[in-house]
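Each protein sequence line maps, in turn, to chains A and B. When we follow the UniProt record's numbering, the leftmost residue of the first sequence carries the number 1, and every step to the right adds one. When we follow the UniProt record's numbering, the leftmost residue of the second sequence carries the number 1, and every step to the right adds one.
There are 2 protein chains.
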Amino acid sequence: MLSVMATGHTDPRRRERIIDATLDLIAEEGIANVSHRRIATRAGVPLGSMTYHFGGLEELLREAFGRFAERIVALFDSYLAAPNDRERARDAVTDLIHELSEDDQRYLVLTQELYTLAARQPAYRELTKEWMRRSRVHLERHFDPDTARQLDALIEGMTLHRALTPEPHDRALTREAVTRITTRDPAQR
Amino acid sequence: MLSVMATGHTDPRRRERIIDATLDLIAEEGIANVSHRRIATRAGVPLGSMTYHFGGLEELLREAFGRFAERIVALFDSYLAAPNDRERARDAVTDLIHELSEDDQRYLVLTQELYTLAARQPAYRELTKEWMRRSRVHLERHFDPDTARQLDALIEGMTLHRALTPEPHDRALTREAVTRITTRDPAQR
DNA sequence: CTTCAGAGCGTACGATCGTACGCATGCCGA
DNA sequence: TCGGCATGCGTACGATCGTACGCTCTGAAG
Numbered sequence: 001m002l003s004v005m006a007t008g009h010t011d012p013r014r015r016e017r018i019i020d021a022t023l024d025l026i027a028e029e030g031i032a033n034v035s036h037r038r039i040a041t042r043a044g045v046p047l048g049s050m051t052y053h054f055g056g057l058e059e060l061l062r063e064a065f066g067r068f069a070e071r072i073v074a075l076f077d078s079y080l081a082a083p084n085d086r087e088r089a090r091d092a093v094t095d096l097i098h099e100l101s102e103d104d105q106r107y108l109v110l111t112q113e114l115y116t117l118a119a120r121q122p123a124y125r126e127l128t129k130e131w132m133r134r135s136r137v138h139l140e141r142h143f144d145p146d147t148a149r150q151l152d153a154l155i156e157g158m159t160l161h162r163a164l165t166p167e168p169h170d171r172a173l174t175r176e177a178v179t180r181i182t183t184r185d186p187a188q189r
Numbered sequence: 001m002l003s004v005m006a007t008g009h010t011d012p013r014r015r016e017r018i019i020d021a022t023l024d025l026i027a028e029e030g031i032a033n034v035s036h037r038r039i040a041t042r043a044g045v046p047l048g049s050m051t052y053h054f055g056g057l058e059e060l061l062r063e064a065f066g067r068f069a070e071r072i073v074a075l076f077d078s079y080l081a082a083p084n085d086r087e088r089a090r091d092a093v094t095d096l097i098h099e100l101s102e103d104d105q106r107y108l109v110l111t112q113e114l115y116t117l118a119a120r121q122p123a124y125r126e127l128t129k130e131w132m133r134r135s136r137v138h139l140e141r142h143f144d145p146d147t148a149r150q151l152d153a154l155i156e157g158m159t160l161h162r163a164l165t166p167e168p169h170d171r172a173l174t175r176e177a178v179t180r181i182t183t184r185d186p187a188q189r
């Protein structure tokens, strides 16, 4: 062999780069179109690395989505931990919805793929449950538990609709929805 | 060949059975795990039928999801066309959310797979946009357009959370959320 | 009864897949 | 300096895939 061949001991970032490449590929091509070979090419690592660093494709996917969930939870934390009163919490939720549905559809796609897996496999369902639990903890600092659950569902739905719909809700409408869902015993019209 | 071989002209339900088998398979195994062969086995048709009746796997999937979307739209219609006043509309929406997230996760899984495709491919996005448009038409018979959009998003989010969460919202909580989101200018607490 | 057009499918091809295994490589102790 | 060993990867195997093509068979026309 004339090229580099084995490198001996090295590079703890190999795993990270593989995981990142996996998430990128899933976002761009869908889980149906990822393979060891395509991930390896994308990450710039040899095919053999795949089964060396990860027990198999399934294990790699679990780890990749685990990483994704961690990042999302961190994002939720960063938005929802800060506000100290109810009005600011509503603002933060509004911001979060717009952040999640903005720009490319990376977040949307990865979330959808995760939910799809969650609907069928308990391991993935744990990821999403933990995610929902964490965000509810934040919301419950400002709202009662029932309201928190309703608001959590609204965040989900508005994020999705904003991303899939030609004319997404503008900020004022989002804010209005957040206000409505977090307000009890309203006088009906 | 000793078995049946070709059957000559026949059976217009071949296509239907293939499409149904496709949806069943996707619901059970995920889009990543469907193939011409597995669909054929499931539908009880020969492999050759696949490329005979459909231009290819992609075309089959589009048609299958088209059929799914039609059925869902019909379900939305059946729930949302009936009510004649605002209160009954709220009840109907509540019923719809519970219907969609009940029992098996067939609806959840297929919807997630469709949204995932919609996020990446315009053809599928049209399907979902049409679906959203149709449901909004119903909702707008009872609520103003902005409210209809917010309610539509809430339906989405609550359906998902009910299906994925260990203790789904009970009916009273769902109804409360529907009431809140459809009530304007509430007095804040 | 004979013919034949076209509906429908059996089958085979090339591509791609996941995975395992043996070998190349560089580091460390002596 | 040199041996041994753990790290890391090149490669090959068997399975599975989508698809195209030519053959079989049916029903209708005559």
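Even glycine gets a Cβ: it sits at the ideal position worked out from N, Cα and C.
Can you check which of these residues, the options, is closest to residue i by C-alpha distance?
i, options, result
"residue 173 of chain A", "A:156, A:162, A:84", "A:162"
"residue 45 of chain B", "B:16, B:134, B:175, B:31", "B:16"
"residue 146 of chain A", "B:176, B:125, B:140", "B:176"
"residue 109 of chain A", "B:106, B:120, B:99", "B:120"
"residue 22 of chain B", "B:141, B:106, B:142, B:90", "B:106"
"residue 236 of chain B", "B:62, B:35, B:94", "Any answer about residue 236 of chain B is impossible in this case: the structure gives chain B only from 1 up to 189."
"residue 193 of chain B", "B:72, B:123, B:115, B:48", "No answer is possible for residue 193 of chain B: it lies beyond the span of chain B, which begins at 1 and ends at 189."
"residue 157 of chain B", "B:98, B:129, B:141, B:144", "B:98"
"residue 74 of chain B", "B:167, B:134, B:92, B:103", "B:134"
List, in chain order, every chain A residue whose beta-carbon is nearer than 9 Å to that of residue i.
i, result
"residue 51 of chain B", "Chain A residues near residue 51 of chain B: none, gap ~19 Å exceeds 9 Å."
"residue 40 of chain B", "Neighbours of residue 40 of chain B on chain A: none; closest Cβ ~19 Å, over 9 Å."
Are residue i and residue j close, meaning C-beta to C-beta below 9 Å?
i, j, result
"residue 19 of chain A", "residue 154 of chain B", "no"
"residue 101 of chain B", "residue 159 of chain B", "yes"
"residue 111 of chain B", "residue 132 of chain A", "no"
"residue 30 of chain A", "residue 117 of chain B", "yes"
"residue 13 of chain B", "residue 53 of chain B", "no"
"residue 88 of chain B", "residue 82 of chain B", "yes"
"residue 123 of chain B", "residue 62 of chain B", "yes"
"residue 114 of chain A", "residue 128 of chain A", "yes"
"residue 32 of chain B", "residue 32 of chain A", "yes"
Output, in chain order, the set of chain B residues within a Cβ distance shorter than 7 Å of residue i.
i, result
"residue 66 of chain A", "Under the 7 Å cutoff, chain B gives no residues; its nearest Cβ is about 17 Å from residue 66 of chain A."
"residue 109 of chain A", "116, 119, 120"
"residue 22 of chain A", "Per Cβ cutoff of 7 Å: no residues; residue 22 of chain A is ~14 Å from chain B at best."
"residue 69 of chain A", "In chain order: nothing, as chain B lies at least about 13 Å away."
"residue 43 of chain A", "Neighbours of residue 43 of chain A on chain B: none; closest Cβ ~20 Å, over 7 Å."
How close, in whole Å, do the beta carbons of residue i and residue j come, if the pair is a contact with beta carbons under 8 Å?
i, j, result
"residue 138 of chain A", "residue 76 of chain A", "7 Å"
"residue 42 of chain B", "residue 24 of chain B", "7 Å"
"residue 40 of chain B", "residue 50 of chain B", "6 Å"
"residue 178 of chain B", "residue 90 of chain B", "5 Å"
"residue 136 of chain A", "residue 125 of chain A", "Not quite, the Cβ-Cβ distance comes to about 16 Å (not below 8 Å), so this is no contact."
Mind pulling the chain A residues with CB within less than 8 Å of residue i?
i, result
"residue 161 of chain B", "132, 149, 152, 153, 156"
Applying a beta-carbon distance threshold of less than 9 Å, which residues of chain B neighbour residue i?
i, result
"residue 31 of chain A", "30, 31, 32, 116"
"residue 74 of chain A", "The contacting residues do not exist; residue 74 of chain A stays about 21 Å from chain B at best."
Could you list which residues in chain A have their beta carbon closer than 7 Å to that of residue i, in chain order?
i, result
"residue 166 of chain B", "129"
Below 8 Å on C-beta distance, what does residue i contact in chain B?
i, result
"residue 173 of chain A", "146, 149, 150"
"residue 169 of chain A", "149, 150, 153"
Where the region 114–133 of chain A meets chain B: residues whose CB sits under 8 Å from a CB there: 115, 116, 117, 118, 119, 120, 125, 128, 129, 132
Of all the residues that make up the region 78–100 of chain A, which are near chain B by a beta-carbon distance shorter than 7 Å? none
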